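In the working numbering, the protein residues as written are 18 to 263.
We treat Cβ as the ideally placed atom computed from N, Cα and C, and that holds for glycine.
Here the structure is a predicted model, which means the values were calculated and not measured.
Everything below concerns the one structure shown next.
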């Protein structure tokens, strides 16, 4: 483990598990939701919660709860209401607030958030945690077509387009994620990836997705600083970092 610097033109952040932590609320929500709606094949709520981390709720409810069609929007609202208002709610993770406030102050058009959550949930969670809303807006589950959510590249390709219409701009971006599905999505899009150890150990992240493992692994955002260079590019300094591809 060492210190390195990474040059990028933009940062594409995941939301839940990366900037905020609603793990407690999500697990409580799955437990409560499972009492109201049975899971397929007799699965328990803990197994469903672990299998679906980082994926879009619309696909999870269809696959694991057999909720489809016109019933999906109501079920999504029901689940998200439990997370935000009854499950313990999200909390901001270490180092996040100061990092985003600096980006908002010094390079406001150099970052966005790409989440598997719905726009309603993401907006409510960001407001509850008092985080700055990216000026380039968000990419949410509502912006991505069926079957195109993480680990597919579409969400992060859309995130890169939020910032620039330049061809292959995603190659100049860094994706920061906590979930294997999101890290795979960033890699498939063509971005470099940084993993934060919110929900997984360094060892797990190093070995979980062989060809799509993150480029770098840090504990949390207290181990990352950002400087805005004269060119406008971002210089990320990572401390106590694993170069995971080695």
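Asked: Could you check the C-alpha separation between residue 75 and residue 91 for me, to the nearest Å?; Found: 11 Å
Asked: Do residue 153 and residue 243 have their C-beta atoms within less than 8 Å of each other?; Found: no
Asked: I'd like to know if the region 27-35 and the region 120-130 are in contact, where contact means that at least 3 CB-CB pairs between them fall below 8 Å.; Found: yes
Asked: Would you call the CB atoms of residue 175 and residue 156 closer than 8 Å?; Found: yes
Asked: With a threshold of 8 Å, are at least 3 pairs of Cβ atoms found where one atom belongs to the region 219-233 and the other to the region 54-68?; Found: no
Asked: DSSP three-state call for residue 186: helix, strand or coil?; Found: helix
Asked: Quick one: using the 10 Å Cβ neighbour count with 16 as the cut-off for buried, is residue 22 buried or exposed?; Found: exposed
Asked: Quick one: Cα of residue 95 to Cα of residue 178, how far?; Found: 31 Å
Asked: If you reduce the DSSP assignment to three classes, tell me which class residue 219 lands in.; Found: helix
Asked: Over the uninterrupted alpha helix (DSSP H) stretch that includes residue 40, give me the two end residues.; Found: 40-53
Asked: Report all residues from its chain with a CB closer than 8 Å to the CB of residue 111; omit the five preceding and five following residues, and keep chain order.; Found: 237, 238, 239
Asked: What number of angstroms, rounded off, separates the C-alpha of residue 202 from the C-alpha of residue 34?; Found: 15 Å
Asked: Anyone know if the C-beta pair for residue 195 and residue 217 falls short of 8 Å?; Found: yes
Asked: By how many angstroms is the C-alpha of residue 172 removed from the C-alpha of residue 251?; Found: 22 Å
Asked: In the DSSP assignment, the beta strand (DSSP E) including residue 257 goes from what residue to what residue?; Found: 251-260
Asked: Which residues does DSSP pair with residue 25 in a beta bridge?; Found: 251
Asked: What is the DSSP secondary structure of residue 98, counted as helix, strand or coil?; Found: helix
Asked: Going by DSSP, what residues sit across from residue 89 in a beta bridge?; Found: Looking at the DSSP assignment, residue 89 forms no beta bridge with any residue, so it has no partner.
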